[in-house]
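Working notes for the structure below.
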Amino acid sequence: MQQAQTSERAIEPAIVVGLHDGVPALMDALADCADPHNRFLRAAWYRMAAGEGIATVAAIRVDGTPVAALPTAPLGPALIGARNVPGSYWPFRSVPLDPDTSDEELTAFLADRASISALGPAWRIGPIYASDPATARIKRAAGVAGWTVLTRKLGRTFLFDARDEAWPRRSTRRRLANYERQLTQLGAVTIRHVSGADWNAAVLDDLAAIEAAS
2 MQQAQTSERA IEPAIVVGLH DGVPALMDAL ADCADPHNRF LRAAWYRMAA
52 GEGIATVAAI RVDGTPVAAL PTAPLGPALI GARNVPGSYW PFRSVPLDPD
102 TSDEELTAFL ADRASISALG PAWRIGPIYA SDPATARIKR AAGVAGWTVL
152 TRKLGRTFLF DARDEAWPRR STRRRLANYE RQLTQLGAVT IRHVSGADWN
202 AAVLDDLAAI EAAS
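For reference, each letter of the sequence shown is one residue, going 2 to 215 in our numbering.
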């Protein structure tokens, strides 16, 4: 086991920017206080998604509370030096952000020499939903910090009302019933509905086992 290398220095306004090998535990602290839709963006999420060369540039206040963190991995030819935020789910590759982080803190973080060096000449965050508040703030702060921000529209997302009796369609229901019949040939089929407080580590382990076997 090798000790992670960390370099830090203080900047204005009263934050400390550090470069960490891998993804530090402070990512979990940011996820805990982030927008509820972004709280799955924990250290393990990025560690599982990234390969070699993942590193995280992060900022904390002088009292030790985290401000923001950007885990990135190499992207494209090594000669270019570009990096991107990794993620296990293609349509959503964002980062957790403390809602108490001020625009000044976020701008100072992205303008710091340590961040510029760690992120390289070009870095990508996304794909993300257009409504993601964390990415919207990062884009604004990056522009103020001197980065050139380029955006690209990739497509649309759709929300279906599962309470609508017309969904799923009759043809879809027949197809799902056929799949279920095929599965029963391999063993008993159990269907569980999980919501709210029913989510726990055991349920996530079950989902991981299903995904690994699929």
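Even glycine gets a Cβ: it sits at the ideal position worked out from N, Cα and C.
Here the structure is a predicted model, which means the values were calculated and not measured.
query: Buried/exposed call for S116, threshold 16 Cβ in 10 Å; result: buried
query: Which of helix, strand or coil DSSP assigns to N85; result: strand
query: Start and end residues, beta strand (DSSP E) containing A69; result: P67 to P75
query: Whether A32 touches R48 by CB criterion (8 Å); result: no
query: For W148, the three-state DSSP class (helix, strand or coil); result: coil
query: Segment contact, 8 Å Cβ cut-off, at least three pairs: the region 12–30 with the region 96–111; result: yes
query: CA nearest to the CA of A35, picked from L98, H194 and T57; result: L98
query: Local conformation of H21 per DSSP, three classes; result: strand
query: Inter-stretch contact (C-beta, 8 Å, three-pair minimum) for the region 173–183 and the region 136–154; result: no
query: Helix, strand or coil at M2 according to DSSP, with G and I counted as helix; result: Confidence in M2 is poor, its pLDDT being 33 and thus under 50, which makes the residue's placement unreliable; the coordinate value appears in the next sentence. In the structure shown, M2 sits in coil (DSSP, three-state: anything other than H, G, I, E or B).
query: CB contact flag (G88, A50, <8 Å); result: yes
query: Rounded distance between the beta-carbons of L120 and V190, thought under 8 Å; result: Not really, about 48 Å apart at Cβ, beyond 8 Å.
query: Nearest-angstrom Cα separation, counted from P72 out to A60; result: 12 Å
query: L155, buried or exposed, once every other Cβ within 10 Å from all chains shown has been counted against 16; result: exposed
query: Cα-Cα separation between A213 and D206, rounded to whole angstroms; result: 10 Å
query: CB contact flag (A56, L27, <8 Å); result: no
query: T57 (DSSP reduced to helix, strand or coil); result: strand
query: Residue from T149, D113 and R114 whose Cα sits closest to the Cα of A123; result: T149
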